[in-house]
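Each residue of the sequence shown is one higher than the one before, counting from 153 in the working numbering. Heads up, the beta-carbon is just placed ideally off N, CA and C, and yes, glycines get one too. As the structure is a computational prediction, the values presented were derived from the model and not from experiment.
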Amino acid sequence: ALFQSFLLPESLKPQLMVVIDIIMLYAWYFQTLSHIFVALNRLAVVVFPQAAIFTRHRVIALTITQHFLSMAMSHVAQFELPCCRITFVPRVFTYSYLRKEAIYNYSAMVDLPLNSMATLTPLIAYSTV
């Protein structure tokens, strides 16, 4: 970041970028699902304090499910959809879609619903609290 250069040698960059991209996308999806999970947890604890909704075993099961769901969504978005693999762009600290000519960006079919849920769920939950 300081030198505005890429740390990987050019010969390994294409192969390692696929690995970096899938890890980045998994972490992004996991964190996005965590926002939803935490908002629902806080809603349940504050609004329904007598109900044992988030027990230890349920939280462990939900967290494991969240990991597998994040892995599955990452795989679908990166390898199964016909267009637009998501890639990390270190020079500007973001990610972007690697577009293919004349192919619709199906990655939005994963990102848009997830991002919408990650916005609306906390908004509704915290407004209720």
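Residue span of the beta strand (DSSP E) that contains residue i, given as start and end
i, result
"Val228", "Counting along the chain, Val228 falls outside any beta strand (DSSP E), and DSSP gives it neither H nor E."
Where residue i sits in the DSSP three-state scheme
i, result
"Val241", "strand"
"Ser248", "strand"
"Leu214", "helix"
"Leu233", "coil"
"Phe220", "helix"
"Thr207", "coil"
"Phe189", "helix"
"Ala196", "helix"
Cβ pair residue i, residue j closer than 8 Å
i, j, result
"Ala270", "Ile188", "yes"
"Val199", "Val281", "yes"
"Leu233", "Tyr258", "yes"
"Ala196", "Pro274", "no"
"Ser226", "Ile172", "no"
"Leu292", "Gln218", "Given that the chain is displayed from residue 153 to residue 281, the structure contains no residue 292 and the question cannot be resolved."
"Arg210", "Ala277", "no"
"Tyr178", "Met223", "yes"
Minimum C-alpha distance to residue i - residue among the options
i, options, result
"Met169", "Tyr258, Ala254, Thr239", "Thr239"
"Leu221", "Ala254, Phe231, Gln230, Phe182", "Phe182"
"Met176", "Val241, Leu264, Cys235", "Val241"
Where the alpha helix (DSSP H) through residue i begins and ends
i, result
"Asn267", "260 to 280"
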